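K.L.:
Please find one structure pasted underneath; my questions will follow.
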Amino acid sequence: MKPQHNGRLTYLHLLALPFLAGLCLTSPLQAEIWSDVTGKFKIDAQYEGVDGKNVVLRKPDGSTVSVPISRLSEESRTRAKQLYMMSKSEQPASSTRISPSESTYQPTNNLANIVAPAPPNIGELAPFPTNPTLQQQVDYLQTQLMAGHLEAVWYCLPDKLRSQLDTQEFRDLYRPALEGYSETNAPTEKMIAKLLEVLTVKKEFILGSSLLAAVPPDITPKLQQAYDPAIGVMYEWMSLSKGLEAIPDTTFTELVNYHLPRLGAHAKELLPLLPDGTVDGLLSQIVVVQTDATTGTITTPKQGGETETIEMTLYDGRWLPTEFADMLAANENDLLEKAKESAAEFEKIMTPESQAQTAALMNTISTPVTAALDSLLAANTQSEFDQAAMGMVQQVMMIAASMGGPNAGPPGPPAGF
Numbered sequence: 000m001k002p003q004h005n006g007r008l009t010y011l012h013l014l015a016l017p018f019l020a021g022l023c024l025t026s027p028l029q030a031e032i033w034s035d036v037t038g039k040f041k042i043d044a045q046y047e048g049v050d051g052k053n054v055v056l057r058k059p060d061g062s063t064v065s066v067p068i069s070r071l072s073e074e075s076r077t078r079a080k081q082l083y084m085m086s087k088s089e090q091p092a093s094s095t096r097i098s099p100s101e102s103t104y105q106p107t108n109n110l111a112n113i114v115a116p117a118p119p120n121i122g123e124l125a126p127f128p129t130n131p132t133l134q135q136q137v138d139y140l141q142t143q144l145m146a147g148h149l150e151a152v153w154y155c156l157p158d159k160l161r162s163q164l165d166t167q168e169f170r171d172l173y174r175p176a177l178e179g180y181s182e183t184n185a186p187t188e189k190m191i192a193k194l195l196e197v198l199t200v201k202k203e204f205i206l207g208s209s210l211l212a213a214v215p216p217d218i219t220p221k222l223q224q225a226y227d228p229a230i231g232v233m234y235e236w237m238s239l240s241k242g243l244e245a246i247p248d249t250t251f252t253e254l255v256n257y258h259l260p261r262l263g264a265h266a267k268e269l270l271p272l273l274p275d276g277t278v279d280g281l282l283s284q285i286v287v288v289q290t291d292a293t294t295g296t297i298t299t300p301k302q303g304g305e306t307e308t309i310e311m312t313l314y315d316g317r318w319l320p321t322e323f324a325d326m327l328a329a330n331e332n333d334l335l336e337k338a339k340e341s342a343a344e345f346e347k348i349m350t351p352e353s354q355a356q357t358a359a360l361m362n363t364i365s366t367p368v369t370a371a372l373d374s375l376l377a378a379n380t381q382s383e384f385d386q387a388a389m390g391m392v393q394q395v396m397m398i399a400a401s402m403g404g405p406n407a408g409p410p411g412p413p414a415g416f
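Set out below in structure tokens:
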């Protein structure tokens with residue numbers, strides 16, 4: 000399922016530099032009165048679309064507000080449904096997406112003690128360009144990713160391929176591997192959940208900690224500005240990790256549409272904190288050359304001043320790394336069989352014994368760290384928190400020193416992801 004190209008990850012990384020699909024595309028509408036079930040709340044606004052279980056309305060000052068559909072009056076709910084159906088019929092055929100309002104997917108909430116920052120509103124994902132040149136696709140992907148729409152990467156795969164990956168047959172292939180991944184990664188997830196709880200509940204103590212005394216004064220405002228977006232990224236990444244377990248029972252498209260815009264919205268808030276010119280400087284080094292109607296190259300910078308050139312091919316309306324496109328073309332009629340082979344290879348590697356060993360290792364690490372995090376949660380004063388934090392730092396350093404190398408850790412997602 001994965002192209003064996005040395006530049007594949009670089010290609011995705013370069014186009015996903017900073018890493019609510021399915022919002023309805025509507026024609027210009029006039030503002031109208033919307034009311035809630037009590038009749039006390041009324042707003043003069045223009046319908047913008049649907050985001051999950053909310054109606055997005057644009058107020059006269061240009062700002063938007065999300066109102067739960069369940070809170071709208073019957074008349075307003077009927078109007079929202081009417082406008083949604085109208086916008087759905089107008090959506091370009093080249094933008095094959097599942098609207099969040101059509102999805103039944105909701106992530107399992109295992110983070111009930113965490114009040115995470117809400118993701119900023121980043122608007123809707125722009126439709127994929129029809130019959131794009133290589134430069135147009137690169138520009139589209141860069142623009143959408145910089146806006147926070149990480150799901151744009153998924154829509155750079157051909158429509159037919161995404162439809163195949165979303166079939167129940169494909170998703171069932173990953174069930175054993177995902178169950179094993181979930182069991183193996185459970186201790187780590189518990190530890191990260193506890194860390195997120197500390198970061199959200201003890202924010203004031205963390206930012207006031209004596210451990211930050213050595214931070215230069217000009218850096219402190221950036222730390223404060225980055226705090227909530229960074230917590231949001233961690234929270235949404237954790238939610239996405241748990242969401243992988245739902246793949247057999249939901250589609251990749253639903254998972255992508257739900258999690259990636261939320262993750263990207265928080266990540267976007269961190270971009271202004273990078274040194275001036277960092278992103279623009281990197282983007283300016285990307286060289287796109289289209290040699291003919293169906294072939295081209297993308298040259299990307301590497302560490303040490305070197306560059307890497309990736310051959311690209313237009314395949315089924317999308318520009319893909321040539322080796323990946325060739326693999327899809329060669330296996331067009333037996334892609335499912337190739338996926339089965341990939342899943343079988345992964346199962347050979349991730350035996351129950353290896354999963355148990357990894358789980359035991361991660362449990363050895365997570366148990367003392369989780370206990371130290373509990374001590375941070377129990378702190379009632381700044382001095383108590385600082386003392387517990389110092390003890391935790393020392394404990395983490397001891398654990399890291401005893402690991403004996405960088406290779407220990409939980410396995411990644413199964414082959415083919």
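The sequence shown begins at 0 in numbering that gives the first Met the number 0 and counts up by one. Note that CB positions come from ideal geometry on N, CA and C, so glycine has one too. None of the values given here were measured: they were computed from a predicted structure.
1. Could you tell me whether the Cβ atoms of I68 and L56 are closer together than 8 Å?
2. Where does Q284 sit, in a helix, a strand or coil, going by DSSP?
3. Within a Cβ cutoff of 8 Å, which residues of the same chain sit near A292, ignoring the five residues on either side of it in sequence?
4. For D50, is the classification buried or exposed, using 16 other Cβ atoms within 10 angstroms of its Cβ as the cut-off for buried?
5. Sorry if obvious, but does the Cβ on A370 come closer than 7 Å to a heavy atom of the ligand FAD?
6. Can you have a look at L13 and say buried or exposed, based on whether 16 or more other CB atoms are within 10 angstroms of its CB?
7. Name the DSSP beta bridge partners of M311, please?
8. What does DSSP give as the partner residues of R57 in its beta bridges?
9. Nearest to A151 by alpha carbon, out of Y173, T63, L259, F169?
10. Assign P300 to one of three DSSP states: helix, strand, or coil.
11. In three-state terms, what does DSSP make of Q167?
12. Classify E305 as helix, strand or coil using the three-state DSSP reduction.
13. With respect to the beta strand (DSSP E) encompassing I32, which residues constitute its N-terminal and C-terminal limits?
14. Output the distance between the C-alpha atoms of Q45 and T252, rounded to the nearest integer angstrom.
15. Measure the Cβ-Cβ separation of Q394 and Q289 and say whether it is below 8 Å.
16. In whole angstroms, give me the CA-to-CA distance for E203 and Q223.
17. Whole-angstrom Cβ separation of F345 and A176, contact assumed at under 8 Å?
18. Once you ignore the five residues that flank S238 on each side, which residues in its own chain have a CB closer than 8 Å to its CB?
19. Does the region 312-330 come close enough to the region 154-169 to have 3 or more Cβ pairs within less than 8 Å?
20. Based on Cα-Cα distance, which residue from G303, E322, L210, Q302 lies nearest to T467?
21. Cβ of Y104 within 8 Å of Cβ of A245?
22. Taking D217 as the reference, which of M233, L272, T306, K267 has the closest Cα?
23. What's the gap between the Cα of P388 and the Cα of S75?
24. Using 8 Å for Cβ pairs, my map puts A79 next to V114. What's the rounded Cβ distance?
25. Under 8 Å: do the region 227-243 and the region 138-151 share three or more Cβ pairs, one atom per stretch?
26. For T166, which option in K193, T187, D248, A192 has the closest C-alpha, if you only look at C-alpha atoms?
27. Helix, strand or coil: how does DSSP classify Q393 here?
28. Is DSSP giving C23 helix, strand or coil here?
29. For L164, which residues of its own chain have a beta-carbon under 6 Å away from its beta-carbon, when the five flanking residues on both sides are left out?
30. Among A266, L243, H265, which residue has its Cα nearest to the Cα of V255?
31. Give the range of the alpha helix (DSSP H) segment to which Y234 is assigned.
32. Could you spell out the range, first to last residue, of the alpha helix (DSSP H) harbouring A358?
33. Beta-carbon within less than 8 Å of E168's beta-carbon, same chain only, minus the 5 sequence neighbours each way: which residues are those?
34. Does DSSP put Q289 in a helix, a strand or coil?
35. Cα-Cα, which of V368, Q354, K267, V287 is closest to Q143?
P.N.:
If we stick to the structure as given:
1. For the purposes of this step, residue 68 is taken as residue 69 along the sequence shown, with counting starting at 1. For the purposes of this step, residue 56 is taken as residue 57 along the sequence shown, with counting starting at 1. The Cβ atoms of I68 and L56 lie no closer than 8 Å to each other.
2. Position 285 of the sequence shown holds residue 284. DSSP places Q284 in coil when its eight states are reduced to three.
3. Numbered from its first residue, the sequence shown carries residue 292 at position 293. So the list reads L313, once near-sequence residues are dropped.
4. For the purposes of this step, residue 50 is taken as residue 51 along the sequence shown, with counting starting at 1. With 16 or more Cβ atoms within 10 Å of its Cβ, D50 is classed as buried.
5. In terms of ligand content, the structure shown is empty, and the ligand FAD therefore cannot be addressed.
6. For the purposes of this step, residue 13 is taken as residue 14 along the sequence shown, with counting starting at 1. Because the pLDDT at L13 is just 31, under 50, the model does not fix this residue reliably, and the point stays unresolved.
7. The residue labelled residue 311 in the question sits at position 312 within the sequence shown. Bridge partners of M311: G295, P320.
8. In the sequence shown, the residue the question calls residue 57 occupies position 58. Looking at the DSSP assignment, R57 forms a beta bridge with Q45, T63.
9. In the sequence shown, residue 151 corresponds to position 152, counting from 1. Distances from the alpha-carbon of A151 to those of Y173, T63, L259, F169 put L259 closest.
10. Position 301 of the sequence shown holds residue 300. The answer is strand: DSSP assigns P300 an E or B state.
11. Residue numbering aside, residue 167 sits at position 168 when the sequence shown is read from its first letter. When DSSP states are grouped into helix, strand and coil, Q167 belongs to the helix group.
12. Here the question's residue 305 lines up with position 306 in the sequence shown. Correct three-state label for E305: coil.
13. By one-based count along the sequence shown, residue 32 stands at place 33. In the DSSP annotation of this structure, the continuous segment of the beta strand (DSSP E) that includes I32 starts and ends at 31-34.
14. For the purposes of this step, residue 45 is identified with residue 46 of the sequence shown, where counting begins at 1. For the purposes of this step, residue 252 is identified with residue 253 of the sequence shown, where counting begins at 1. Going from the Cα of Q45 to the Cα of T252 covers about 28 Å.
15. Your numbering for residue 394 matches position 395 in the sequence shown. Your numbering for residue 289 matches position 290 in the sequence shown. No.
16. As a first step, residue 203 must be located in the sequence shown, where it is residue number 204. As a first step, residue 223 must be located in the sequence shown, where it is residue number 224. One Cα belongs to E203, the other to Q223, and the distance between them is close to 10 Å.
17. For the purposes of this step, residue 345 is identified with residue 346 of the sequence shown, where counting begins at 1. For the purposes of this step, residue 176 is identified with residue 177 of the sequence shown, where counting begins at 1. Confirmed, about 5 Å.
18. To locate residue 238, count along the sequence shown from 1; it is residue 239. The beta carbon of S238 sits closer than 8 Å to those of P106, L110, H258, R261, all from its chain and outside the five residues before and after it, given in chain order.
19. The region 312-330 makes contact with the region 154-169; the number of CB pairs closer than 8 Å reaches 3 or more.
20. The structure shown has nothing for residue 467, since the chain only spans 0 to 416.
21. Walking along the sequence shown from the start, residue 104 turns up at place 105. Walking along the sequence shown from the start, residue 245 turns up at place 246. Against a cut-off of 8 Å, the Cβ pair of A245 and Y104 comes out as a contact.
22. By one-based count along the sequence shown, residue 217 stands at place 218. If we check each option's Cα against that of D217, L272 comes out closest.
23. By one-based count along the sequence shown, residue 388 stands at place 389. By one-based count along the sequence shown, residue 75 stands at place 76. Residue 388 is actually Ala in this sequence, not Pro. So the two alpha carbons sit approximately 51 Å from each other.
24. Taking the first residue of the sequence shown as 1, we reach residue 79 at position 80. Taking the first residue of the sequence shown as 1, we reach residue 114 at position 115. So it is not a contact: roughly 28 Å between Cβ atoms.
25. Judged by Cβ distances under 8 Å, the region 227-243 makes no contact with the region 138-151, as fewer than three pairs qualify.
26. Taking the sequence shown and counting its residues from 1, the one referred to as residue 166 is at position 167. Nearest of K193, T187, D248, A192 to T166, Cα basis: D248.
27. Along the sequence shown, one-based indexing puts residue 393 at 394. The DSSP-derived three-state label of Q393 is helix.
28. To locate residue 23, count along the sequence shown from 1; it is residue 24. The pLDDT assigned to C23 is 28, lower than 50, so where the model puts this residue is not dependable; a value taken from the coordinates is nonetheless given after this. In the structure shown, C23 adopts coil according to DSSP, grouped into three states.
29. Counted from its first residue, the sequence shown places residue 164 at position 165. Excluding five sequence positions before and after L164, the CB atoms of its chain that fall closer than 6 Å to its own CB belong to F251, given in chain order.
30. Sequence index remark: in the sequence shown, residue 255 carries index 256 (1-based). Ranking the options by Cα distance to V255, first place goes to L243.
31. Here the question's residue 234 lines up with position 235 in the sequence shown. In the DSSP assignment, Y234 falls within the alpha helix (DSSP H) that extends over 219-242.
32. On the sequence shown, residue 358 is found 359 positions in, with the first residue counted as 1. First-last of the alpha helix (DSSP H) with A358: 351-377.
33. Along the sequence shown, one-based indexing puts residue 168 at 169. Only L335 meet the Cβ criterion.
34. In the sequence shown, residue 289 corresponds to position 290, counting from 1. In the three-state reduction of the DSSP assignment, Q289 falls in the strand class, which pools E and B.
35. By 1-based counting over the sequence shown, the position of residue 143 is 144. Ranked by Cα distance from Q143, the options V368, Q354, K267, V287 are led by K267.
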